[in-house]
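Visitor: Take a look at this one; I'll ask things after.
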Amino acid sequence: MKVQFLLNILLAIVWVFLTGTINAVNFTFGFILSFLVLWLISSSQEKQKYFIIIPRLISFTFYFLYELIKANLQVAADVITPKFYMEPGIIAYPLNAKSDLEITLLANVITLTPGTLSLDISDDRKVLYIHAMYVHDKEEFIDGIKNGFEKRILNIVR
Amino acid sequence: MSEHLIIYPIIVHLITAVLLLFFWMKPKIQRYISILGGGVGIVIAALLFQRVWSSGIQSIQLGNWEAPFGISMVADTLAVSLILLTNIVAFALAIYSTENMVSSRVKFGYYAIFHFLIMGLSGAFLTGDLFNLYVWFEVIIISSFVLLTIGGRKIQIEGAVKYFTLNMISSIIFLTGIAMVYGATGSLNMAELSRIIPEIENQGLIQTISLVFFIGFGVKSGVFPLYFWLPASYHTPPAAVSALFAGLLTKVGIYAMLRVFTLIFPLGEVNQIILMVIAGLTMFFGGIGALVQKDILRVFSYLIICHIGFMVGGLSLFTEVAIVGAVMYMFHDIIVKATLYMMGGVMFRIFGSTKLRNMGGLMDNYPRLSLLFAIPLFALVGIPPLSGFWPKVSLFSASYTAGEIAMLVMFIFASLITLVIIAKVWNKSFSKDAPKLERKSSFKYFEDFSFSEKAAYVVPIIILVGVTLYYSFFAEHFQLVAARIGEELMNTEHYYNAVFGIK
Amino acid sequence: MTVFLIVILSSFVFSLLLFGIGQKTFQRMTWFAALLPISLFIYFSSFARSIMDGEVFNFFTSWVPSLGINLDFRLDNLALLFTLLITGVGSIVFLYTTQYLKGHPKLMRFYVFLSIFMGAMLGLVTSNNIITLFIFWELTSISSFFLISFNNTESPSRKSAIIALTITGLGGLALLAFAVLAAQITGTLSISEMLQSPEVFANHQYSVILMVFIFLAAFTKSAQFPFHFWLPGAMKAPTPVSTYLHSATMVKAGIYLLLRFTPHFQNNSYFFTTLLIVGAITMLYAAFQTLFKTDLKGILAYSTIGALGIMVFLIGIGTTSSITAAIVFIVVHALYKASLFLVTGTIDHQAGTRDVTQLGGLRKVLMPLAIAGFIAALSSGGFPPTIGFIGKDLIYEATLNGGLNPTLLTTMAVLTNILMVFAGLLVGVKPFSGKKPEALGEIKKPHFLLWFMPMILAALSLLFGLFPAMVEALFTKNITPLLTGEASPHLAIWHGFNLIILLSAITILGGIAIYFFWKPSHKKESGMLKFDAFAPKSLALKFADLFQRISYFLTRTFQNGYLRRYVLIILVLLTLVFGIHVFINPRIFLELKEIKALNWNEIVILAMMLVSIIFTVFTKSRLSAIAGMGVLGYTMCLIFVFYGAPDLAMTQFSIDTLTVILFVLVLYRLPKYLKLSNRTNRLRDGIIATSFGTFLALTIIEIMNENPIKSTTQYYAENAYTLAKGKNVVNVILVDFRGFDTMIEIVVLSIAAIGVFALLKLHLKKHEK
Amino acid sequence: MSIEDYLTYIILPLLSTSTLLVFIRFLMGPTLPDRVVALDLLITIGISIIAVYSIVTKRPSFLDIAMIFALIAFLSTVAFSYYLEKRKRNE
Amino acid sequence: MKSLILKTVSTTLLPLLILFSVFVLLRGHYLPGGGFIGGLIAAIAFILHAFANGLTQTRKVLRMHPGFLIPIGLSIAILSALAPIILTGDPLMTGLWYEKDIAILGKIGSALFFDTGVYLVVIGVCLTIIFTISESV
Amino acid sequence: MEILLAIMTGILYAAGIYLILRRSLVKLIIGIVILGNGVNLLIFLMGGLVKGRPPLIAEDGKMLEGIFADPVPQALILTAIVISFGLQSFAIVLIKRAYKVLKTDDIDTMNKTDDIK
Amino acid sequence: MNDILIMIIISLGTLFILLAAIGLLRMPDLYLRMSVTTKAATLGVGLILLGLALYYMETSITTRVIAIIVFLLLTAPISAHVIGRAAYFVGVPMWKKTKIDDLKGMYNTKTHDLMSGFEEEEKPEAED
Ligand code: NA
Ligand code: NA
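Chains as they are written, first to last, in UniProt numbering: chain A, 1 to 158; chain B, 1 to 503; chain C, 1 to 769; chain D, 1 to 91; chain E, 1 to 137; chain F, 1 to 117; chain G, 1 to 128.
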């Protein structure tokens, strides 16, 4: 119940931002609206308590942006220069993340950062298959992610 | 309240259809609702007809936006007459469908779409806006697609593919024409167009655009050489659907031609000749097509084409008398063609086949039914004084006035070939002995029907035959209506004044 | 007034009544049917006195006044002649049939058709409105169709009926064409009013057309060469039908029509010459044919055609005496021909054959019938003192005084008549004379009605011959002046010894000679069949066959089942429309400066659009084509964005996406995309598509030069907010100004959804199909 | 140079050029996934173009189109992938 | 499609998109948007959900056959079109407006109801079509 | 640009026509879709091209002022697009059904409807 | 000053987009192309939208910009994921210099089940 309520508030806020009119009436309207929407779709929802961790989220965002720009420049160089320095490959990355949300977040973040691309997750959720542009060493690559994104995401979610 | 009457023919069927959707899984209730809706439709159509007859062309501006800014709905005598006939046919078909349509079809929306289609027809007749006409056409097309395909067997799907493609193309052509008209005039209101178009300097362009419309409508009405979808598809669906199509769909194309070529683009000399040639060829090809067919429904399909030639021919002569003839023919054709296909449905139930060679002995085995069927058949031929005869008086006469003896000869040809064809049909299905065929085990024959089942098939036919007989023996009533229509169509200021509220 | 209308319509009501009585009940009261013609005969006879005094009766009820079509009947002397024949012979035939078809399972139906036919004939001859005349004319055709195919399970009957209907139907339409034109010329549909301006047709600019139509009508109905062939075929009908149709009614309708409108064509020599020639050919041809027939009814058929030829021939001579001769001959022919037909019928009924080579010596059993046949044969041959003799006298008088070439005309008449004598004897005498062949077997005595009915007719032939004044008073005295404006010659059996009597004698002797020396046989008949290939009937059937085959060919060529062909034809037509326009109306203004003003973005969009089109068209993978379509839609969106149509861009984009999804969901089931069409086809289609596109583009450019005042747009711009309270003008149009479009549009969508649902989910069980 | 001019004469052409490059990939393929990726990118660039155009014309409402593009675009990618997998499974 | 990532995201997106669709519907009278495009967005949300989670799952979320939205939407549209005839005697589809401004929605009028009808019909139609096709493989 | 777009319209029509004349049902439908695009572009052109000025009344305005894109064709196109979407989706499903029943998407094999028998 | 900032941000965004476009064209296989484009383009669009938000400086527009960006961040990787996965199924070839392929043989081609390689340890379940 609590989670649903929070989600409801959150959606109401989104509504307020969407419409761009910040006042009580609009919020109430947004609240009612999102309540209806949630009611409509609630049956299959697995509730998560993830929206309370906003600060971590923000810090993660900055980390992510940093990584994004950094790696983008790296790839840019490779794209623009005539010769390719790539050593691509698909790597099975053993997951620590367990829940749907954790895995999804991780996978998305990995994809969004340059040079890597989440291809699929095994059915038993143990392995994330990642296509990477620069695979000097498989172990090193796995460690990089383990200590970088995965750790931070788990920090936020758990 | 009364000025709203104009849109009620549309609203009735719309509401009926939506109501039917709510009773999706209840075929029995659907049947009652449909018949009820059909009955109310007739009453409203009759009231509207009475109103237009007594006080002239009616119009209403939807959304209360003065013309030409909103969409105008205009009920002139042509429109209301067609609506009345449409509703009568629809009512008969609603009854006919109770047995002709199996429950599973009804459960998949047959009745709702049926009423949407009737609504579409009414809308097309009433609208005074060119683009709105397009939209109505689309309602008609999509509903007919659905009616044509549901429960589709092999042949039905094949027919539907052709029907679909050619009708889609015709829609696109029509829309192209509308775009061009808008580009050249900046207006879509038909009444306003009737005033703008003559002012345009580049009349060559206007004539070309009008031909675009002609081709668009020509496909729908089934003129040569645009009719191919018709014989390819009309024999494929259940009889009730074919009857609806045969009676009304092609006539919408003719209606549109009549409207557009009198109100918006009065026929120029060149176009007149083009229409005449096409009318002649339509009669010819329809006639010879029907002559060689071996399936009764296909015979009727080609006869539809053949007889479209009469109406286009009437329009092409472009005198008031000729228009009257065309309109008279249209009235006759709506009723009779629908009856024929309903009859075809009964014959299919009797013989288990629609092939002529599998038929026979109707006259000996079903004398009363034969008498009933003889009336639409002979009316089709134009055996006087049955309905098909009356329009010919005007059409023949107009051919002389216009000095078009060739047109007259084509009318004679078409009449004669129809006579021969129907005589052939009569011989093969009514006169000759029935062939001994094995009874199909999973087929319910007419003779096995209960009384009420038989009635559901025959009563609607009786209703329409009644209308035919009324037309035949009280042709004066129809003639007066047609004469008024002719006058209204040829003098566009009636229409213009009604739309713009000028007294 | 109304009484007359009821009388005319009584036959139709009566037939319905019979239908209502039902077959079973009717079998027990067949006499009931005969009440109708008898009472009608009495009714019409009641007018005879007044009409003999020159009175004319008019009956008028308006029907479709806006077309000028009214129930307008007029009983004058000509009409009376026919009504009496119709009802008189009708009474006899009705009575005769009660025995002839006794116990026939479809007897009721027979009387239904026969009554309708009689009513139609009565209406035809009494109509004073030319359209009602046509109406009844058509009704005779259609009811005779049913009578001819009365033995509906026999294929030859049905075939003959169709041939008869086709020929007479053609004539009917010609009559309608004639009627409408005549009405236009004279400004009235009333036949009697038309007569107010006689000769009006003769000199009219459309006189040729008028003549073509009236000839077509009359010749087809009255079985003139080359339309005669439906008549022998019509012998497939039961004999009473043949009797009725071919002696007194159906075929006489054409003669009636010609007689009626003769005054209008007065002094038009083409009119009369045509009649003369056609009549002459017909009578000679038909009379000659009788030599080769072995079936009694076949002989009678050709002698009927011959007689009709004589009538047309007489009208064609166009003199007062020839018209009078024609009128008298109508009566003569009706009486003896009806009699002979009935005699034949009884023979057939009793002996079971009509083969003249098989018949003989029947007088022993059928004495009264033999007498009737004998008298009828005499009248047919023009022996005195029968009315036939007077008829033949008049004919010779007419030919001898006929305008063009009396000798030729008379020779032809004599030749024909000789053969008619022969034919009469063959039917009326031959079966009864000589020895009875063994093959015939036991012959029972016929029912009283079966010999008495022909006897009445035969007796009348004799009676009128003895008292020709009756015929004169009843008919010729008034009819001839009506048609020619001159008094009719006096009718008498003996005009003194003159050339005419000589010719009569020659005719009779010639006929008797042939009768004795020429024995009809099957061999001769089949010998004649060798020439059948050139007979009008064979030619017509060949033509019909050819027409059928051409029809089949054309239908299959155009409607060949190939959708692409259908599409192609439509598109070619449309291409022509634009193409011709572009060529005859070149108003194209290409402004190159506009092209220079393009910026890079626009060039990119256009290039992408162009290339994606090409890609979509030519890619070999179905999915790539759909992706290409996606790009195309995307470029459209960009155009909408750049040119101020955000709503459009949004909608187009979302719809495109949905379409792609739909395609994708459907397509993975389909087989590989094959390159199916051959090179020629591709080239042809390419040319058509390209020229279409080019012409269309040029036309569009032309339209763009029009700069219409868009009052509507201006109105929307000014009032969208103030009156409709919206700022997105496009949306305001959609939900308000033109909200009804949207209303219908969602209906279209709903129907489509239902359709999709039904199309995929509905699976009919076998018994539901 | 005003920002509008800068966007009009420098940025929009550059974006158009990018579009063109992506489009070339679309045409080259070689596989369907390549085309789908190109289509996806094409739409992403479209969003940028619309955003820039919205500044140029000073019509913020164009942003709504961008929003719709962003929302819907990936659905067709999903659909195409769905197709590829289904099709593979059918074979 | 069996994809955990897609499943997670689509589930999250569903309410967001529906919300967004309502937003687009309501503002249509003032800015680009309206019932049609709003309905499409909502439909797309469900379609996406169906792609990721399978049809059965989406049906559960929807709780009713999408086809029922069609007559409901049509009824709303028809009623709003008929309202002027019944209420004020004006012709069909005449706009009726509530005098005062309502918060968020701005002016409330029959047009908005009409657009809502359109919205529901579009959702119903799109989902009926797509679901039917996916079901009948 | 107007003239080029007019030519483009012609090309769209030509492409649509060419595709409709192929033997594959899928191509036929794609052709119809492209033709639909052509018509839309035509209607759009017929309103006259105006760059970057959508018919939206300014937030503080009461009416459209100055130059603006003609909203009428836009509304027409919107209606037309939606309608053709309905028809197209039906058509696409028809392909599916046709393939299921007829086992082919080759139009030329669907030639039985007009046999005389 | 503000204008300059906006111009810089937008230019950067444009450059990233151009980069993505070039990358898409140049990269030797599908996976690499996706790798390049997903991020570069997303970043590019994000920057341009940011510029737009700065240009208007209105709440309603900023919120919308944020919405779009969030949405792109959510969806772009999914697009890449689904299409990449599908491409692997279909057998879109990898660049010849690809070093390792851990995914090889892990997919069940019939059911599209994906193994992790660790299954044996738990419960070996036979597929039929
Ligand atoms: Na990279
Ligand atoms: Na809208």
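Note that the Cβ used here is the ideal one computed from N, Cα and C, for glycine as well.
Compute the beta-carbon to beta-carbon distance between I90(A) and H131(A), rounded to the nearest angstrom, for a pair I have assumed lies under 8 Å.
Guide: In the first sequence, the residue the question calls residue 90(A) occupies position 90. In the first sequence, the residue the question calls residue 131(A) occupies position 131. With 8 Å as the limit, I90(A) and H131(A) qualify as a contact, their Cβ atoms being about 5 Å apart.
Visitor: Comparing alpha-carbon positions, which option in R260(C), H763(C), S143(C) and D76(C) lies nearest R109(C)?
Guide: Numbered from its first residue, the third sequence carries residue 109(C) at position 109. Closest by alpha carbon: S143(C).
Visitor: Can you name the start and end residues of the beta strand (DSSP E) that S62(C) belongs to?
Guide: Taking the first residue of the third sequence as position 1, residue 62(C) is located at position 62. Where S62(C) is concerned, the enclosing beta strand (DSSP E) stretches over F57 to V64.
Visitor: Could you give the distance in angstroms between the alpha-carbon of A182(C) and the alpha-carbon of L189(C)?
Guide: Position 182 of the third sequence, counted from the start, is the residue given in the question as residue 182(C). Position 189 of the third sequence, counted from the start, is the residue given in the question as residue 189(C). Cα to Cα, the separation comes out at about 8 Å.
Visitor: Give every residue of the same chain whose Cβ lies closer than 7 Å to the Cβ of S431(B), excluding the five residues on either side of it in the sequence, and list them in chain order.
Guide: Residue numbering aside, residue 431(B) sits at position 431 when the second sequence is read from its first letter. These residues qualify, in order along the chain: M363.
Visitor: Anything in chain E within Cβ reach of A107(A), meaning under 7 Å, just list it in chain order.
Guide: Indexing the first sequence from 1 puts residue 107(A) at position 107. By Cβ distance, chain E contributes I5.
Visitor: Could you please tell me which residues of the stretch 384-413 of chain B, in chain order, have their CB closer than 8 Å to any CB of chain E?
Guide: Listed in sequence order: no entries.
Visitor: Which first and last residues belong to the alpha helix (DSSP H) in which T140(C) is found?
Guide: As a first step, residue 140(C) must be located in the third sequence, where it is residue number 140. Where T140(C) is concerned, the enclosing alpha helix (DSSP H) stretches over I130 to I148.
Visitor: Which residues bound the alpha helix (DSSP H) around S194(B)?
Guide: Position 194 of the second sequence, counted from the start, is the residue given in the question as residue 194(B). Start and end: M190 to I196.
Visitor: Does I41(E) come within less than 8 Å of chain B when only Cβ atoms are used?
Guide: By 1-based counting over the fifth sequence, the position of residue 41(E) is 41. Not one chain B Cβ lies under 8 Å of I41(E).
Visitor: Which residues bound the alpha helix (DSSP H) around A459(C)?
Guide: To locate residue 459(C), count along the third sequence from 1; it is residue 459. F448 to L466 is the span of the alpha helix (DSSP H), which, as asked, contains A459(C).
Visitor: Given this structure, state the Cα-to-Cα distance separating A279(B) from A177(C), to the nearest angstrom.
Guide: Counted from its first residue, the second sequence places residue 279(B) at position 279. Counted from its first residue, the third sequence places residue 177(C) at position 177. Cα to Cα, A279(B) sits roughly 19 Å from A177(C).
Visitor: Whose Cβ in chain E lies nearer than 8 Å to the Cβ of D100(A)?
Guide: Here the question's residue 100(A) lines up with position 100 in the first sequence. By Cβ distance, chain E contributes L4, K7 and T8.
Visitor: Could you tell me the distance, in whole angstroms, from the CA atom of N497(B) to the CA atom of F331(B)?
Guide: Within the second sequence, numbered from 1, the residue matching residue 497(B) stands at position 497. Within the second sequence, numbered from 1, the residue matching residue 331(B) stands at position 331. Cα to Cα, N497(B) sits roughly 26 Å from F331(B).
Visitor: What do you get for P33(D), buried or exposed, if any count of 16 or more other CB atoms within 10 angstroms of its CB means buried?
Guide: As a position in the fourth sequence, residue 33(D) is number 33, starting the count at 1. Counting Cβ neighbours within 10 Å, P33(D) comes out buried, since at least 16 surround it.
Visitor: Using the Cβ count rule (16 or more neighbours within 10 Å means buried), how would you classify K49(A)?
Guide: Counting from 1 along the first sequence, the entry for residue 49(A) is found at position 49. In this prediction, K49(A) has a pLDDT of 43, which is less than 50 and means its spatial position is unreliable; what the coordinates show is noted afterwards. Per the 10 Å Cβ criterion, exposed.
Visitor: Cutting at 8 Å between CB atoms, please list the residues of its own chain near I24(B), excluding the five before and the five after it.
Guide: Residue mapping note: residue 24(B) aligns to position 24 of the second sequence, counting from 1. Checking the displayed sequence, the identity of residue 24(B) turns out to be Trp instead of Ile. Here the set comprises K107 and G109.
Visitor: Residues of chain D with a CB under 7 Å from the CB of N601(C): which are they?
Guide: By 1-based counting over the third sequence, the position of residue 601(C) is 601. The contacting residues are L12, P13 and S16.
Visitor: Are there three or more Cβ pairs, one per stretch, closer than 8 Å when the stretch 289-298 of chain C is compared with the stretch 324-338 of chain C?
Guide: As far as the Cβ criterion goes, the stretch 289-298 of chain C does not touch the stretch 324-338 of chain C, which means the pair count is below three.
Visitor: Going along chain F, which residues have a C-beta under 9 Å from I155(B)?
Guide: Position 155 of the second sequence, counted from the start, is the residue given in the question as residue 155(B). The answer, in chain order, is K112 and T113.
Visitor: According to the Cβ coordinates, are L30(G) and T44(D) closer than 8 Å?
Guide: Mapped onto the seventh sequence, residue 30(G) falls at position 30. Mapped onto the fourth sequence, residue 44(D) falls at position 44. No.
Visitor: Examine the Cβ distances between the stretch 198-218 of chain B and the stretch 114-121 of chain B and report whether three or more of them are shorter than 8 Å.
Guide: Contact fails: fewer than three Cβ-Cβ distances are below 8 Å.
Visitor: Which stretch, first to last residue, makes up the alpha helix (DSSP H) that contains R59(E)?
Guide: Within the fifth sequence, numbered from 1, the residue matching residue 59(E) stands at position 59. Counting along the chain, the alpha helix (DSSP H) containing R59(E) begins and ends at L55 to L62.
Visitor: Starting from I264(B), trace the beta strand (DSSP E) both ways and give me its first and last residue.
Guide: Position 264 of the second sequence, counted from the first residue, corresponds to residue 264(B). It is not in any beta strand (DSSP E) - I264(B) carries neither H nor E in the DSSP assignment.
Visitor: What does the Cβ neighbour count give for K355(B), buried or exposed, with the cut at 16 atoms within 10 Å?
Guide: As a first step, residue 355(B) must be located in the second sequence, where it is residue number 355. By the 10 Å Cβ count, K355(B) comes out buried.
Visitor: Which residues bound the alpha helix (DSSP H) around Y18(F)?
Guide: Translated into positions along the sixth sequence, residue 18(F) becomes position 18. Segment E2 to I20, the alpha helix (DSSP H) holding Y18(F).
Visitor: Taking I22(G) as the query, report the chain A residues whose CB atoms sit under 8 Å from its CB, ordered along the chain.
Guide: One-based indexing of the seventh sequence puts residue 22(G) at position 22. Those within 8 Å of I22(G) in chain A are V79 and I80.
Visitor: Is the Cβ of T104(A) closer than 8 Å to any Cβ of chain E?
Guide: Counting from 1 along the first sequence, the entry for residue 104(A) is found at position 104. It does; some Cβ of chain E falls within 8 Å.
Visitor: Quick check: the Cα distance between T399(C) and P232(C), rounded to an integer number of angstroms?
Guide: The sequence position of residue 399(C) within the third sequence is 399, counting from 1. The sequence position of residue 232(C) within the third sequence is 232, counting from 1. Approximately 28 Å, taken between the alpha carbons.
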